[in-house]
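Student: Add 845 to the 1-based position in the sequence shown for our numbering, that's all there is to it.
Pasting a structure below so you can have a look.
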Amino acid sequence: MSEQKRQSVLGLRLLAPKLEKFSDRQIEVAQTWALQFNVPPSQLTSFIDTYLSSTVHTRCWCVALPSTDDQTRRLLARIGDHLQYFDGHQVKACKIFSKDRVHKRKPTAMVAQQLLLRFEKRWYADVLLTSFCKSAGERAKALSIEDLGSFNRRGFDWTASNNRYFNPRTRFYLKQIGSTLKQFCQCLDQELLFAIRSAQCPSPKLYNWLAQGDRKRRLQALKAQPVLIPLLVLADQWPWPWDGQQQVYMNCPWDELQAWRPYWSEDRYLISAEECLVGRIADAGLPLSDTLAWLLQAPRAAVRYLGQQRVFDTGSALTRISREGPQGPWHRLLLGASLGNRRPLKKAHWITLFALLDKIPYQLLDQTQDWNRLLSGCPTDWSDDNWSKIADDFRDLNELFNNVDESDGPASGEALQKLKSFIATASYHQIASLVNGFHLALIDIREALDAVDPQTRTDSLTPWKPLLYSTSTPLVSPNGLQIIELKCPADLDAEHRALGHCIDGYDYSAYRGICRLFSVRENGKSLASAEIQMDESAWGETLAKLTPKHLVTIQLRGLRNRTPKSGSRVDRAYQWFWAKIKSGELAINLEWPDQTLSMSRYTNRNRKKMHAQACAEWINQRLSRT
């Protein structure tokens, strides 16, 4: 809060007679926000006038337009900086700007009709059908910023102290948006609206798809496949099987679809269908399970199984696309449905499967053709606690690939090829055996390098920039366990000797600014180690825009790489610490510079290169025996 003094309402009215149209209460509230944002005294009355004039109108309204057909109801709505239009069949939207001079208050039907004509060629934006989405929240936030006029400053809304303004204002505008959308949706086709809400996919694209073509058959298709149909409709491109041997798109068994087969133009430009193939399948009355199985190149039984799943269990199409992208968000679902006696049966099972797939390296995902063979010997029940260890073993396979990638020469190329060939036919237990052997080999490799190139005391005690600003005293969790940040190679070596895992090899990553490392202890005894990194959303961001939300816990490992059980003392202590980090209660440093560029240990003496070469040689020797 600014140290500026609050002025009396009477004094403000004398300075600016234009404030007479506002009540004392309104002026007091506006002055509160002026003090919050440190508006200079010379601009105080101008800010109050701007703020109160802006808040007179919510910029959210809905108007019914005249229609010649009694069966058709047309609507025009404004929601912040967007106009939404329902022409009686489909919904569309366009973005508006201040220069468009769109009415802030609700206009008459005649004026709205004239307004509609001005934007007839600009309907290309996204339509809102619910206020319970990220887009609605962003529009509410934009409206609250707009109320501040030209007095807003770039990035000020990211400051936590300003939440006393933004939180209630954003909630207010969300209510206005929700009320407007309620009026808008009341005039839509209620059967179609119920269908997309039942599929937990309130998307205008899905609504418009149902409104086109054979309405009855498309509704039946959505009911039969509530998981797959929305995914296919919302995807960027329609799938079509590709013949890898012939290097051509396959011929379709159904003549009704053959005309939509993609092809290459003379200038090597791919020509694909503009019409949604799923809509064509439904309109033509083709067997849904058979055609989808052919299009997706998936077992028919897997497609039929997904048709029996609840959207609540698998996750909605919008959720899947948000997490996996719009290119092929059905792959993981079809994989789970193809696992035979390991098929997920409920929501918790699907969550465990998705968590497992998130940790599997992309090399293994690309090479694996038979997932039942890969998971042979693993539990058939996805509720089994062993799945967390299985996922960690798969994730540790990254260490082998990373070390090979950092090496060069014929040995590294041979190691990479052997590694790919091995995982293409290996089972989980074979991969776990390889990973465990590699962890033991790392100890020998490090000792051999230390014998040739001993680590000086200066090297071992040179710290990297810590995550926590205050590291003088350990953090003590409510259950009595301590959280200690590991800040140098000597700390990592002590942690390695205490727990028997390979954290001592993470010094290079820490110096590179890739990760930060912590230890969970009891009375000075190490119980588990944690690795923290920046997620992908932080890549390319400036330091000023980095927040605790960009941090992610990569792994939490105990004795001999075992993962602490969920709900254990170690897990509870770390989750307490993690909540403190994410909430901003702990002061943290997100500037992690690359210190290896100035360290002779990694530049002049090529220690990292020698370590990678030794790892490649070990992989070649180990896999030559299999």
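All residues carry an ideal CB built from backbone N, CA and C; glycine is no exception.
Please classify G925: is it buried, with 16 or more other beta-carbons within 10 angstroms of its beta-carbon, or exposed?
Tutor: buried
Student: Check whether the segment 880–895 and the segment 903–923 are in contact - that is, three or more C-beta pairs closer than 8 Å.
Tutor: no
Student: Return the chain-ordered list of same chain residues with a C-beta closer than 8 Å to the C-beta of K1234, the five sequence neighbours on each side being excluded.
Tutor: Here the set comprises R1407, T1408.
Student: Identify which residue in A1457, W1421, G982, A1271 has its Cα closest to the Cα of D1215.
Tutor: A1271
Student: Please classify T953: is it buried, with 16 or more other beta-carbons within 10 angstroms of its beta-carbon, or exposed?
Tutor: exposed
Student: Across which residues does DSSP place K940 in a beta bridge pair?
Tutor: H927
Student: Which residues in the same chain as A1343 place their Cβ atom closer than 6 Å to its Cβ, once the five residues preceding and following it in sequence are excluded?
Tutor: S1371
Student: With DSSP as the reference, label W1087 as helix, strand or coil.
Tutor: Strand.
Student: Would you call the CB atoms of A1418 and N1324 closer than 8 Å?
Tutor: yes
Student: So L1326 packs on V1365, CB below 8 Å; how close in whole Å?
Tutor: 6 Å
Student: Using C-beta distances below 8 Å, list every residue in its chain close to S1354, excluding the 5 sequence neighbours before and after it, in chain order.
Tutor: C1360
Student: Decide yes or no for the touch test of the segment 1061–1074 against the segment 1082–1094: beta carbon pairs closer than 8 Å, at least 3 of them.
Tutor: no
Student: Which residues in the same chain have their Cβ closer than 6 Å to the Cβ of R1063, if we skip the five residues on either side of it in sequence?
Tutor: L1055, A1127
Student: Suppose contacts are defined by Cβ-Cβ distances below 8 Å. Is L1122 in contact with L1102 by that definition?
Tutor: yes
Student: Starting from C905, trace the beta strand (DSSP E) in both directions and tell me its first and last residue.
Tutor: Per DSSP, C905 belongs to the beta strand (DSSP E) from 905–910.
Student: Just to confirm, is the Cβ distance from W906 to T1025 under 8 Å?
Tutor: yes
Student: Out of D971, L859, P886, which has the shortest C-alpha to C-alpha gap to R923?
Tutor: D971
Student: Assign D1203 to one of two classes, buried (16 or more other C-beta atoms within 10 Å of its C-beta) or exposed (fewer than that).
Tutor: exposed
Student: Starting from T900, trace the alpha helix (DSSP H) both ways and give me its first and last residue.
Tutor: 889–900
Student: Might you give, ordered along the chain, the residues of its own chain that have their beta carbon closer than 7 Å to the beta carbon of Q1378, omitting 5 neighbours on each side?
Tutor: I1359, C1360, V1397, I1399
Student: Does the Cβ of A1040 have 16 or more other Cβ atoms within 10 Å, making it buried, or fewer, making it exposed?
Tutor: Buried.
Student: At the level of alpha carbons, what is the spacing between R1016 and T903?
Tutor: 13 Å
Student: Can you tell me where the beta strand (DSSP E) holding C1360 begins and where it ends?
Tutor: 1360–1367
Student: Could you tell me which residues DSSP pairs with R1402 in its beta bridges?
Tutor: S1374
Student: Please state whether DSSP places R1113 in a helix, a strand or coil.
Tutor: coil
Student: Terminal residues of the continuous beta strand (DSSP E) containing I1329?
Tutor: First-last of the beta strand (DSSP E) with I1329: 1327–1331.
Student: Give me the residue from R1149, A1200, Q1154 with the minimum Cα distance to E1169.
Tutor: A1200
Student: Over what stretch of residues does the alpha helix (DSSP H) that includes A1069 continue unbroken?
Tutor: 1060–1069
Student: Apply the 10 Å Cβ neighbour rule to R1218 and answer buried if 16 or more other Cβ atoms are within range, or exposed otherwise.
Tutor: By the 16-neighbour rule on beta-carbons within 10 angstroms, R1218 is exposed.
Student: Below 8 Å CB to CB, which residues in the same chain sit around P1107 once its five sequence neighbours on both sides are set aside?
Tutor: Within the same chain, P1107 has close Cβ partners W1085, Y1094, L1115, I1116, S1117, A1118.
Student: Go to W1175, then tell me how far its alpha helix (DSSP H) extends in each direction, as first and last residue.
Tutor: No alpha helix (DSSP H) holds W1175; DSSP gives it neither H nor E.
Student: What does DSSP give as the partner residues of I1433 in its beta bridges?
Tutor: L1313
Student: Using CA atoms only, rank isn't needed, just tell me which of H1284, S1266, P862 is closest to L1404.
Tutor: H1284
Student: Use the C-beta contact count for A1432: other C-beta atoms within 10 angstroms, 16 or more gives buried, fewer gives exposed.
Tutor: Under this definition A1432 is an exposed residue.
Student: For the candidate residues F996, Q929, L864, R1060, whose alpha-carbon lies nearest to that of T890?
Tutor: The option with the nearest alpha carbon to T890 is L864.
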